[in-house]
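*Asks:* For the sequence shown, counting from 1, position 157 maps to 157 in UniProt numbering; every step adds exactly one.
Idealized CB from N, CA, C, for every residue including glycine.
I'd like to ask you about the structure that follows.
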Amino acid sequence: MSGRACSCSRPRPRPRPRPRPRPLPAGKRKRSAGSDSRASFALAWRRRLRGREGGGQSPVPAAMEEQPGPGPGGRISLHNFSARLWEQLIHFHVMQLTDSLFLWVGAAPSLRNLAVAMCSRYDSIPLTTSLIGDASDTTSNSKAQRLARKTKKQVFVSYILQNTDCNFTLLIENRIKEEMEAFPVKF
């Protein structure tokens, strides 16, 4: 064995103290990269809200309001309609996105299940899967699959109705088809 001492018995060098940051001059503050844009957005939003209280503009940005159809800017087109079927008022909400479609069907506002379907070049039947909710409830899946086949788009469907009678769901499908024929731009 050599006469060297163990490394653990050697005294360790003392760490150098860190230099303290210099205080910033009065009136100046350190800003992060995105703080200017966040601050200006918050200020503009507060101004819009104050203008709304005084009867000014709506604080909803123009891009979020209902548009005639998705354009080159990727706007969202909204379309709502209702129908009374079997003594029950059913609401329909359609959002047309750039390359996809969202359909909500229900009697009360909730999102308990959501399915998506899309066409595939490898199969004539659109692929479908359940994103939210019970996988054993296939009503949303079948509606999404049929709409994807008809529109050739990716389709999200949320079907929230307790009545699962096949005649009732057929009435729902017929009402959607009528609306698609009446307003093809919205689908």
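(1) Identify the residues that DSSP records as bridge partners of Met118: which are they?
(2) Tell me where the alpha helix (DSSP H) around Ser82 begins and ends.
(3) According to DSSP, is Gln96 part of a helix, a strand, or is it coil?
(4) According to DSSP, simplified to helix, strand and coil, what is Gln154?
(5) Across which residues does DSSP place Ile90 in a beta bridge pair?
(6) Count the other CB atoms, across all protein chains shown, that sit within 10 Å of the CB of Arg20; report buried if there are 16 or more and exposed otherwise.
(7) Using 10 angstroms around the beta-carbon of residue 192, count the other beta-carbons present and answer buried if the total reaches 16, otherwise exposed.
(8) Helix, strand or coil for Phe168 per DSSP?
(9) Mind checking whether Ser82 and His91 have CB atoms under 9 Å apart?
(10) Under 8 Å: do the segment 97 to 109 and the segment 124 to 135 share three or more Cβ pairs, one atom per stretch?
(11) Buried or exposed for Ala115, going by 16 or more other Cβ atoms inside 10 Å?
(12) Please classify Lys152: is it buried, with 16 or more other beta-carbons within 10 angstroms of its beta-carbon, or exposed?
(13) Which value, in whole angstroms, describes the spacing of the CA atoms of His79 and Phe168?
(14) Quick one: is Gln88 buried, meaning 16 or more other Cβ sit within 10 Å of its Cβ, or exposed?
(15) Leu147 to Leu127, Cα distance in whole Å?
(16) Kindly indicate which three-state DSSP category Leu161 falls into: helix, strand or coil?
(17) Based on Cα-Cα distance, which residue from Lys143, Arg75, Thr164 and Phe156 lies nearest to Glu173?
*Replies:* In terms of the structure at hand:
(1) Leu127
(2) Segment Ser77 to Leu85 is the beta strand (DSSP E) holding Ser82; no alpha helix (DSSP H) there.
(3) strand
(4) Strand.
(5) Ala83
(6) Burial call: exposed.
(7) No information on residue 192 is available, as it lies outside the stretch 1 to 187 that the chain covers here.
(8) helix
(9) Result yes, Cβ atoms of Ser82 and His91 sit closer than 9 Å.
(10) no
(11) Label assigned to Ala115: buried.
(12) Counting the other CB atoms within 10 Å of its CB gives Lys152 a total below 16, which places it among the exposed residues.
(13) 22 Å
(14) exposed
(15) 12 Å
(16) Three-state DSSP puts Leu161 in coil, outside helix and strand.
(17) Lys143
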